[in-house]
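Colleague:
2 protein chains.
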Amino acid sequence: MVTIRDVAKEAGVSVATVSRVLNSTGYVKEDTRVRVMNTIQKLNYSPNEVARSLYTRESRLIGLLLPDITNPFFPQLARGIEDEVHSHGFRLILGNSDEQLEKELTYLQTFTQNHVVGMITATTSLAQKLYEGLTFPVVFLDRSSDQYPSVYADGFEGGKLAAEEIIKRGSKRITLIKGPVNVKPAQERFQGSLSVLSQSDADFYVLNTNSLAFDDAQKWAKEIFQKYPETDGIIASNDIVATAVLHEAFRLEKSVPDDLQVIGFDDIPQSRFSFPALSTIRQPAYEMGKQAACLLMKCIKKEPLIQKQVQLPVTFIERNTTRKVEEHG
Amino acid sequence: MVTIRDVAKEAGVSVATVSRVLNSTGYVKEDTRVRVMNTIQKLNYSPNEVARSLYTRESRLIGLLLPDITNPFFPQLARGIEDEVHSHGFRLILGNSDEQLEKELTYLQTFTQNHVVGMITATTSLAQKLYEGLTFPVVFLDRSSDQYPSVYADGFEGGKLAAEEIIKRGSKRITLIKGPVNVKPAQERFQGSLSVLSQSDADFYVLNTNSLAFDDAQKWAKEIFQKYPETDGIIASNDIVATAVLHEAFRLEKSVPDDLQVIGFDDIPQSRFSFPALSTIRQPAYEMGKQAACLLMKCIKKEPLIQKQVQLPVTFIERNTTRKVEEHG
DNA sequence: ATGATTTGTGTAAACGGTTACATATACGAA
DNA sequence: TTCGTATATGTAACCGTTTACACAAATCAT
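Printed below as a string of structure tokens:
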């Protein structure tokens, strides 16, 4: 491995000069700068990030903690983040928490030990005090926080929207699928929908679930039609569950949206391809990731944050699992 | 930040002793070991991974290079990898290459500069010589290589399978969607299907595409029915494209599988929820990731590899976008 | 009792960068 | 000419670990 000393010797200068050339700091005469650059090229030298990190006490790494990359919502967040931080020269250390405190802790330690410059977390943190001791900035994504900068969509509003739209379109016996209790955004949606439903004249049934994943979605879907067969409107905890519901409804030969309406949450890319195409509450995932990354970049550069909390709007995406309403006027 | 010296001083021993306790190397008397451990607890000391890395010249990080995490096939690979390496105490630096050589190079550099202990790549590497200079082991995933350890599914066989099954089920005017030329696995599938089709008595049409992503899938789908409206069987380049095709077919009121059969590739989780449920060639993605990680672990531990190339079987998953054939016997 | 070996601990030199500080020259102003 | 400042470069300390080497005490074999 070729080091800065090798370059210095070859170019006939000191390591300090090479370092100065590398970082464009201090004074360097143009001739020597060129000479050093050439030597770097010639020796194919590339500075050791670890050594740099040790001295400066920060790396160019950013920690990213997600619940589960296998859920299609999160890769979009991740991609938004990556695209943004990459352009600033940072790289990501990725961790899946599976919403388990223990795994989250492991990664927090990893991030600390590796001197990350900052982190973005989209997971549990029921205990926000976990993050208190950290020496680097943290941005919460897909979760709100008063203390920390955070980027999230308005889950409560989304939940309300879903309920309003499904009621407006005529569902009377509504099933509300409640996501895992420890997943905060899922609870917010749920509360949003609940607040609307409880003030409406619709009957409703709440199905409690403990996962948002593919492998379980089918189970919840079956459960609904067993326990509440006469339901004519389902507000799902996310698009995956909604898709499973749709699938099960088809198996049972229910006609969507005529006999049964379904609304999802997230608007993952594949939702527009479901059959019928899924009506859903859209969260701008890629954009959320990007914004979170921007916020973190500002924290890292110690620029003042104009606003610590960024709440992005949710929108109702009307597709074919809900009935049409004719507009007035 | 509390360092090893703080611990040493507090425990009344030398840094060497603390280090020995930490790494369970050399001789340490039981009393002092306990005393040091207690001090570590008391001071809440956690060793600086960067410093360790600098001296030992290796980190506990592994580089992972994927084409695009947004394509649902890759998160599954990633998850398989993470689960495996995590249990060995390693963490992942993630990069998306978008199949662009330039981005790939950037990440190769990042990995080197950060002293990763190894890397797994599932992307381009048209120029395998890129990987020659590296000081750490590399495992190819979803791509074969004679030189390097690699884990992949039998794409050619998968392509053949798809063609055979669709022909066996009676399609006569087949559309073969050819994935991007620079994506090797896509080409292998294509070649596999092509080899079968060209020896069959079916007519077929090849649609060339340059992406496997959601945003473009719809475009290819529309193109097919414009250019080859009488087609009665479509072999898609992956499940995403297949799903888009299905969606478009429905819009055009084609009856699947009666008038049109469709076969995908990958078996991403959502495929079983498409309508009709997608028949596809399954690649065991999670398992592939896991195997690749296992291979890398062995390389890192310098254990001999029993086999450098691991080829996992593909299987035809019969769902409802293909017609049934009655078994003989 | 004596030497060899095992056990236990400490000192200091790496690892490969960055940067504070020292030094030296060039240049412009007074 | 002299001083102050801008320019240019080098020396060495430092970041926080690991480990080679040195040394001493304890244990063992003869």
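So the sequence lines, in the order shown, correspond to chains C and P.
Just so you know, we're using the numbering used here here: the first sequence kicks off at 1 and counts up by one.
Just so you know, we're using the numbering used here here: the second sequence kicks off at 1001 and counts up by one.
In this text, a Cβ means the ideal position worked out from N, Cα and C, and glycines have one as well.
Would you say Val50/C faces chain P, with C-beta separation under 8 Å as the test?
Modeller: yes
Colleague: Excluding five sequence neighbours on each side, which residues of the same chain lie with their C-beta closer than 8 Å to the C-beta of Ala1008/P?
Modeller: Ser1014, Val1015, Thr1017, Val1018
Colleague: Leaving out five residues before and five after Thr1003/P in sequence, what residues of the same chain have Cβ atoms less than 6 Å from its Cβ?
Modeller: none
Colleague: Taking the C-alpha atoms as reference points, what is the distance between Glu1318/P and Ser1279/P?
Modeller: 5 Å
Colleague: Between Phe1265/P and chain C, is any beta-carbon pair separated by less than 8 Å?
Modeller: no
Colleague: Closer than 9 Å between beta carbons: that is the criterion. Which residues of the stretch 250-277 of chain C meet it against chain P?
Modeller: Phe250, Ile268, Pro269, Gln270, Arg272, Phe273, Ser274, Phe275, Pro276, Ala277
Colleague: Within 8 Å (strictly less), CB to CB, does Asn1023/P reach chain C?
Modeller: So, not an interface residue.
Colleague: Using the beta-carbon count (16 or more within 10 Å), is Gly1179/P buried or exposed?
Modeller: buried
Colleague: Going along chain P, which residues have a C-beta under 9 Å from Thr121/C?
Modeller: What Thr121/C touches in chain P: nothing, since even the nearest Cβ is about 15 Å away.
Colleague: List the residues of chain C that Leu1212/P touches, going by C-beta distances under 8 Å, in chain order.
Modeller: The contacting residues do not exist; Leu1212/P stays about 12 Å from chain C at best.
Colleague: Runs of 4 residues minimum, wholly inside the stretch 1251-1288 of chain P: which ones carry the alpha helix (DSSP H) assignment?
Modeller: Within the stretch 1251-1288 of chain P, no complete alpha helix (DSSP H) run reaches 4 residues.
Colleague: How about Phe1156/P and Gln1199/P: are their beta carbons less than 8 Å apart?
Modeller: Not a contact, by the Cβ cut-off of 8 Å.
Colleague: By a C-beta neighbour count over all protein chains shown, 10 Å radius and 16 as the cutoff for buried, is Lys129/C buried or exposed?
Modeller: exposed
Colleague: Please list, in chain order, all residues of the same chain as Ala1011/P whose beta carbon is under 6 Å from its beta carbon, the five residues on each side excluded.
Modeller: Arg1035, Val1036, Thr1039
Colleague: Counting beta carbon pairs with one atom in the stretch 1165-1184 of chain P and one in the stretch 1224-1239 of chain P, are three or more of them shorter than 8 Å?
Modeller: yes
Colleague: Check whether the stretch 214-221 of chain C and the stretch 182-189 of chain C touch, using three or more Cβ-Cβ pairs below 8 Å as the test.
Modeller: no
Colleague: In the DSSP assignment, what residue or residues form a beta bridge with Ile234/C?
Modeller: Thr175/C, Val262/C
Colleague: Taking only the alpha-carbon atoms, compute the straight-line gap between Lys184/C and Asn1071/P and give it to the nearest angstrom.
Modeller: 26 Å
Colleague: Buried or exposed for Ile306/C, going by 16 or more other Cβ atoms inside 10 Å?
Modeller: With fewer than 16 neighbouring CB atoms inside 10 Å of its own CB, Ile306/C falls in the exposed class.
Colleague: Just the Cα atoms here: how many angstroms apart are Ala244/C and Met119/C?
Modeller: Approximately 33 Å, taken between the alpha carbons.
Colleague: What residue ranges within the stretch 1037-1099 of chain P form continuous beta strand (DSSP E) runs of no fewer than 3 residues, ordered along the chain?
Modeller: 1061-1066, 1091-1096
Colleague: Figure out for me which residue from Val1021/P, Gln1041/P, Leu1043/P has the closest Cα to the Cα of Arg1033/P.
Modeller: Among Val1021/P, Gln1041/P, Leu1043/P, the Cα nearest to that of Arg1033/P belongs to Val1021/P.
Colleague: Can you check whether the C-beta of Ser1237/P is within less than 8 Å of a C-beta belonging to chain C?
Modeller: It does not: the Cβ of Ser1237/P has no partner Cβ on chain C nearer than 8 Å.
Colleague: Can a CB atom of chain P be found closer than 8 Å to the CB of Asn114/C?
Modeller: Yes - at least one Cβ of chain P is within 8 Å of the one on Asn114/C.
Colleague: Let me see if you follow: with CB-CB separation under 8 Å, is Arg1319/P close to chain C or not?
Modeller: Output row for Arg1319/P: interface = no.
Colleague: With DSSP collapsed to three states, give me the class of Asn1023/P.
Modeller: helix
Colleague: Among Leu1064/P, Gln1076/P, Arg1060/P, Met1001/P, whose alpha-carbon lies nearest the alpha-carbon of Tyr1045/P?
Modeller: Met1001/P
Colleague: Do you know whose CA, among Asp258/C, Ser97/C, Glu248/C, lies nearest Lys172/C's CA?
Modeller: Asp258/C
Colleague: Counting only Cβ pairs nearer than 7 Å, list the residues of chain C close to His1088/P.
Modeller: Taking a Cβ-Cβ cut-off of 7 Å, His1088/P has no neighbours in chain C, whose nearest Cβ is about 13 Å from it.
Colleague: With distances taken Cα to Cα, identify the nearest neighbour of Phe250/C among Lys222/C, Ser144/C, Tyr228/C.
Modeller: The shortest Cα separation from Phe250/C among Lys222/C, Ser144/C, Tyr228/C belongs to Lys222/C.
Colleague: Decide yes or no for the touch test of the stretch 308-322 of chain C against the stretch 260-278 of chain C: beta carbon pairs closer than 8 Å, at least 3 of them.
Modeller: Proximity of the stretch 308-322 of chain C to the stretch 260-278 of chain C meets the contact definition, three or more beta-carbon pairs being nearer than 8 Å.
Colleague: Along the chain, where does the beta strand (DSSP E) containing Gln309/C start, and where does it finish?
Modeller: Following the DSSP letters along the chain, one finds Gln309/C inside the beta strand (DSSP E) bounded by residues 309-312.
Colleague: Please decide whether Ser1053/P counts as near chain C, where near means a Cβ-Cβ distance under 8 Å.
Modeller: yes
Colleague: Are the C-beta atoms of Gln1076/P and some chain C residue less than 8 Å apart?
Modeller: It does: the Cβ of Gln1076/P has a partner Cβ on chain C nearer than 8 Å.
Colleague: Distance check for Ile1300/P and Ile1167/P, CA to CA, integer angstroms please.
Modeller: 46 Å
Colleague: For the stretch 1083-1097 of chain P against the stretch 1055-1073 of chain P, do three or more pairs of beta-carbon atoms, one drawn from each stretch, fall closer than 8 Å, so that the two count as touching?
Modeller: yes
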